[in-house]
Every structure is written in structure tokens, then in C-alpha cells.
Amino acid sequence: MHTFHIPVMGLAYTIDTPVKVAPFGISSVISIIEDRLIETMRQHYYTVRKEPFHPISTQQPDYRAKRITDYLNLVNRMVQEQLAAIKQMEFKPGTALVQYFEMLPPHHPLKQRYTAMNNTADGPVKQALAASLRHSMQPGNIDVNIMTKVDKDNYDRDGQPIGDGSDAITALRGYANSDLAHSSIIFSAGMNLRLFNYLEKCPQFLPDEDGTFKKKVTVKVSDFRSALVQGKYLAKKGIWVSEFRIESGLNCGGHAFPSDGYLMGPILEEFKQRREELTDSLFTIYNQALKRKGLKTFKYAPRLAVSAQGGIGTAAEDEMLRNYYQLDSTGWGTPFLLVPEATTVDDATLQLLTAAQPKDLVLSHHSPIGMRFFYLNGTTAQAERLRRIAAGSPGSPCSEKHLSFNTEFTAQPICTASAQYQALKIAQLQSLELPAEEYQQRVQEVVDKECLCVGLSNAAALRHNARFVRNRTAVNVCPGPNIVYFNKVLSLREMVDHIYGRANVLANTNRPHVLLKELTLYLDYLEEQLEAPIKATPPAKYYDECCERLRDGILYYRQLHAAGVIPEADFLPGLHAAGERLDAICTTYSINR
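Numbering of the sequence shown is given in numbering that gives the first Met the number 0, commencing with residue 0 and proceeding in unit increments.
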């Protein structure tokens, strides 16, 4: 129904977004890794609906998967019921039925048919058009996300790992067993071989007799090579990737995956030029795998969609990306944090988001996973972390343990944001008798880590007046840099109208073009790496190649501007300034030019 989707955000922020937007035909993504949050949401919605709530205890076999399955079934049922109710409404101003059609993209066939109905006099013809419109209404997709790196092993009472019982695999099983149809599971953060291998055990991802998929696989990637590698691996397992979702490495929310100087524009250009090659190469392998398994093969390749997300902020940017790069969809994430009709954000965090300034958003080291993490300063979780440090007891209680990967001091993995790990690590640093400055820096690196499992979940508990983890109410939030250009709470209609160019809700008229912003973020990141007092060990060749790719990217963008693909008047001056800055960086740090 729409040309955009709402990507997964945090754990709580899109946990029930489909309930709010899918009845209007808008697709969105739920994170399904945090089963305790999902159990909280199950209780909330069963109570709201006045239906019996039957807790799924941690003592039950495969309880994580069962919680996820039941919640997704509940969400699906609510969406279907809401859509059915909307279809029964009259075409009168102010109704959800009218809102459904008025929010559609300008050139959508149903939007045009809706306009034709409004211009038709009352009578049988108008009634027939109205009936046809109601019949054509479809809900948005209820998609789910698994961050593949969040795959902690779980153990039985004897301390033995549970077979096919890791966090990511049980989440996948929970989704596979749900009654969602025409839905996708989205894998992000790279390859997880045991998770991908488990897909072979899930017949739900195989095509029907007519060659359609009820449950699809989407893989979030950073470049073409990643798509080819992951797509081929899954094709060999008899799993078709129905969509590759490309996200900017730095102009994004949450965890950042900066490339070695590869920019979004050139990456999308490669997908555009080699899309047929990608489809054909995956299709050959996929058909061979189906034949080997004794399954029906395809005559033609199933559809392979390509979408992109990260920092999009105007209708012109959205249209340029979709039209020039031939994208099937674009992702709009961060701005929807300011839309309570779409996302679940507590009041205090919502106020913080509306007031966000560039200085408030940092590419932090707060994630226990060890990846860079966009983080908004001023949250209640940050205040809690700083209070614990000041009191001499840094670190958090670790109740959820989803990010428990460190075995530096313990036999079973623990989380680097936990009080247990931080006490052990600081004690070790004290024993090393390091120089004072180095000691303080290394201690700071330890205490910077912050609990995300609870912090990224609590917004839903606060918004719905529910209990997630007893006595823990702190919230952290991870918007992308785009948040500083939006400064007010918006209705769903206002945000959708902004996406399609029917309105403009931007607060900051000096906002740079999405591709120029990403380039600037890469220059910031490059300078930060070069200025670090204790550098990681990228060799000089790394910086040479990174700068060369950035320079190639700037040349590519000049060509797009000259061809009229990016007509904005301020794009070329901004590109020129970025080129001069890159030259200055190369001169200052003696990087080969």
C-alpha cells in the first residue's frame, strides 16, 4: 500500500507498532529477541481486550518461542479485526476509512480510484466504487527482526547448552510457528551460521504450490558483496532471500556499522547495476538446492526486492532514492519516534527527543556488544549509570542476559555492562599498576558500557503502565542523527504527508541532503580514528583506501548533481566543502593523496 516502511527501533519503540499502523496499510518491524518484554505486552493487550491472560512461565519447555508465537498471533488478530472494522465505516471526513485512503501515496491506483469516487455523484456508480475500494484494502506487513549477534546460549538445569535453544534460534522458531502470512523475518548485523542453518528446519519458509511465500526472509546488508555472500549461503540451504535491505553504516539509529569509506550512493548504484546478476546467481543455486531436496523448482526467479534506509528526511530525497536507484521501498525510522500514533515512547524520552540538538547525539561506546552505538545524552538510563559510577558501584544488575558474551573472567559468558564484569575488570586494571592517565582511560572504557536490554525495553512498560523489571525504570534511546531536524510531536497523518511531500514538518531548514550528511559523518569518523590517543591498529593502507573511496564517492556525487539527479542548490557547495575537508585531513595526517 505504501512506498515506505517503519524499521525496527530499539526493543520497545516498535514492539506494537503494527497494531497502530498496519490497519492503515503501513508495514513495520517488531524486535522479537526480548521475550520478557513480549510477555509484558501479551499481558497488556489481553487485559485491554478483556480476554483471559495465561502467563507462559519460564518453567515451560521452549517458553521463549511460545511467548513470541502467541504475541505475534495476538498482534495479527488485532490488526485483522481493526481493518475489518475500518472497512465497515462510512466514507465520511474524520473516519479511519477516509484516513486510510487519504494517506496513500499520490500515484497509488487506489488513491486515484478514491479521488474518482469523491468526484462521482451519489448513486449506484459511487456505491460500486466504494465497495471496490473496501474490497481492495490490505493491511501493512507485520515483519519481525532478529539482530543475529544477539544469540546467547541457554542452559538446562544440568548446565548443558539446550539444543536449538539459543536466543536467536528460539526467536526464529517463535516467528516460524506464528500464523503471520505475507510477512518477513529480517536478519541484521551480519551472518550467524547456526541461525541460518536452522532455517533449513523451518518448512514455513518454503514456497507454496503456486510459488508464493507466506513467510519471507529479508537480510539487512551494508554492501553488494555482503548480499551476494549471504544470499548464496542461504540459497544453498534452499532459502530464498526475498529482500535485501541496505542501511547506511553511519547515518542510522542504534548500532552503527561504518564501512571502510564506502558511501550509500555508490553502494546503491552497484545494486542498481548488478541487480539482475544478483538475482540470476542466487536463483541458479536456489533451484539446485530445491531439486536436491526433492522439492518443486521454479521456472522463473522469485521476486527479489531491494530497499534502503538511513537518514532520509524529505519527500525529495525519498523520491530520488526510489526512482533513481529503483528501490522497492524506503525505511523511515528516527522521525517516527516523534509519532505516538506509530511508536511507543514514554513521555520523558519523547520530550528529550523533541529537544535534541547535534551536541546531544553521540556515536558512543556504550553498547556491551562492542560496536559503536548512536546514543542520545540526557536519558534516565545515563543518569542512573553515572550515579552508580559516582557511588563507587558501576555497572548494572543483569536480569535479561541477552548480551552476555564475555568469558574473560567466568566460565559462562557475562555482559560487559553488568556490575559483575565491571568490578572484575576494574580490579584487574588496578593490579596492573598502569600510568594514571592510561588507567583512567581504560576504566572509563569499562564503565561506559550501559545496560541495553532493560533500557531499550522500559519505554513500553512506562507507556502502558506495566511492569517489565521490578524497580528498574531507566530508559535509553538510540535515534539516528536525523532526529535533530525534527522537533515536535507529530500525528501519523502529518508524518505520512511529510513523506509524500503533501506537508513539511522539518524544524531545521539548514538540514543537509541525506547523502551529504552521511559523507560528513564519515569524515567525522575518520578524524576521530586518526586523533585517537591510542589507535586500534588499522595499517596505513586502511586509511589510504578509506580516503580514496571517499574521494571516489565525492566524484560520483558530483556526477549525479551534474546529471540533475540531485538538483538541490546547496548540494554542490556542501560537496565542495567536504572535498576540501578530506584533503585537509589527508594533509594533516600524511595520508597518501
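All C-beta atoms in this analysis are idealised placements derived from N, C-alpha and C, irrespective of residue type, glycine included.
Open item on the list: Considering only their Cβ atoms, is the gap separating residue 151 from residue 400 smaller than 8 Å?
Closed with: yes
Task: DSSP beta-bridge partners of residue 146 - done: 187
Open item on the list: I need the DSSP call for residue 382, collapsed to helix, strand or coil.
Closed with: helix
Task: residue 308, DSSP secondary structure in three states - done: strand
Open item on the list: Extract the residue ranges of the alpha helix (DSSP H) inside the stretch 368–440, only unbroken runs of 4 or more that lie entirely within it.
Closed with: 379–389 and 418–430
- [ ] Would you give the residue range spanned by the alpha helix (DSSP H) that residue 296 belongs to?
- [x] Per DSSP, residue 296 belongs to no alpha helix (DSSP H) and is neither H nor E.
TODO: Could you please give me the residues that DSSP links to residue 330 through a beta bridge?
DONE: 4 and 308
TODO: Name the one or two DSSP bridge partners that residue 154 has.
DONE: 160
TODO: Alpha carbon to alpha carbon, how far is residue 45 from residue 260? Give it in angstroms, no decimals.
DONE: 48 Å
Open item on the list: Within the continuous alpha helix (DSSP H) that includes residue 225, where are the two ends?
Closed with: 223–235
Task: residue 466 - DSSP class collapsed to helix/strand/coil - done: coil
TODO: Can you give me the Cβ contacts of residue 548 inside the same chain, cut-off strictly under 6 Å, excluding the 5 residues immediately before and after it?
DONE: 260 and 261
Task: For residue 560, the three-state DSSP class (helix, strand or coil) - done: helix
Open item on the list: For residue 588, which residues in the same chain have their Cβ closer than 8 Å to its Cβ, ignoring the five residues on either side in sequence?
Closed with: 529 and 542
Task: Nearest-angstrom Cα separation, counted from residue 383 out to residue 14 - done: 24 Å
- [ ] Counting only runs of 4+ residues fully inside the stretch 547–591, write out the alpha helix (DSSP H) ranges in chain order.
- [x] 570–587
- [ ] Can you tell me which of the three DSSP states residue 32 falls into?
- [x] coil
- [ ] Pick helix, strand or coil for residue 74, following the three-state DSSP scheme.
- [x] helix
Open item on the list: Using a Cβ distance threshold of 8 Å, determine whether the stretch 466–483 contacts the stretch 325–342, with at least three qualifying pairs required.
Closed with: yes
Open item on the list: DSSP three-state label for residue 53, please.
Closed with: coil
Task: Burial state of residue 93, where buried means 16 or more other Cβ atoms lie within 10 Å - done: exposed
TODO: Name the two residues that bound the continuous beta strand (DSSP E) containing residue 245.
DONE: 240–246
- [ ] State buried or exposed for residue 380, treating a residue as buried only when at least 16 other CB atoms are found within 10 Å of its CB.
- [x] buried
- [ ] Determine the direct distance from the alpha carbon of residue 178 to that of residue 137, and round the result to whole angstroms.
- [x] 17 Å
Open item on the list: Quick test of the definition: if touching needs 3 or more C-beta pairs under 8 Å, does the stretch 460–475 touch the stretch 417–435?
Closed with: no
TODO: Alpha carbon to alpha carbon, how far is residue 79 from residue 125? Give it in angstroms, no decimals.
DONE: 26 Å
Open item on the list: In this structure, how does DSSP classify residue 445 when only helix, strand and coil are distinguished?
Closed with: helix
Open item on the list: Closest to residue 206 by C-alpha separation, out of 423, 247 and 238, would be which residue?
Closed with: 238
Task: Environment of residue 52 [buried if 16+ CB atoms lie within 10 Å] - done: exposed
Task: Cβ distance (whole Å) where residue 418 is taken to contact residue 396 below 8 Å - done: 6 Å
TODO: Would you tell me roughly how many angstroms separate the C-alpha atoms of residue 69 and residue 41, rounded to the nearest one?
DONE: 8 Å
Open item on the list: Just verifying my parser: in three-state terms, what is the DSSP assignment at residue 19?
Closed with: helix
TODO: Consult DSSP for residue 352 and reduce its assignment to one of helix, strand or coil.
DONE: helix
TODO: Would you give the residue range spanned by the beta strand (DSSP E) that residue 361 belongs to?
DONE: 360–363
- [ ] For the beta strand (DSSP E) holding residue 217, just list the boundary residues, first then last.
- [x] 214–220
Open item on the list: Do residue 220 and residue 185 count as a contact pair if the criterion is CB distance below 8 Å?
Closed with: no
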